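Undergrad:
In our numbering, the protein residues as written are 1 to 100.
#1: Alpha carbons only, please: which of 77, 83, 39 and 50 is nearest the one belonging to residue 62?
#2: Only counting the same chain, and skipping five residues up and downstream in sequence, which positions put a Cβ closer than 6 Å to that of residue 47?
#3: Check whether the Cβ atoms of residue 87 and residue 44 sit closer than 8 Å, and answer yes or no.
#4: State the DSSP-derived secondary structure class of residue 14, mapped to helix, strand or coil.
#5: Based on the DSSP output, what are the partners of residue 55 in its beta bridges?
#6: Which residues bound the alpha helix (DSSP H) around residue 46?
#7: With 8 Å set as the bound, which would you pick, yes or no: does the beta-carbon of residue 48 sit closer than that to a beta-carbon of chain C?
#8: Taking just the CA atoms, how far does residue 80 sit from residue 97?
Dropping the structure here:
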């Protein structure tokens with residue numbers, strides 16, 4: 001089995017752009033999502049750089065950034081703004097034609 005290691009240096013730029021994005025575009029109410037210890041920004045940065053699709057069960061936050069009191073942005077919110085394809089698990093199953 002071949003193992004793959006990611007060279008994180010190539011994703012640092014995307015991560016940095018994400019970090020600047022969240023500082024300027026997200027309201028104070030949603031900044032908890034952007035905690036440096038959370039993997040979400042790395043997942044999004046890697047997907048953006050490699051042209052990958054993210055599969056998640058997270059749902060978009062309605063009216064994000066429009067002054068509504070929300071705790072955090074979700075992966076689909078950032079993916080939409082960044083042009084990263086993001087689908088649900090069921091959409092993924094349909095795409096790979098998984099049947100039970």
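Note that the Cβ used here is the ideal one computed from N, Cα and C, for glycine as well. Predicted model, so just to flag it, every value in this text is computed and none were measured.
TA: Based on what the coordinates show:
#1: 77
#2: 54 and 84
#3: no
#4: Correct three-state label for residue 14: helix.
#5: 87, per the DSSP bridge assignment.
#6: 40-50
#7: Among the chains of the structure shown, chain C does not appear; only one protein chain is present.
#8: 25 Å
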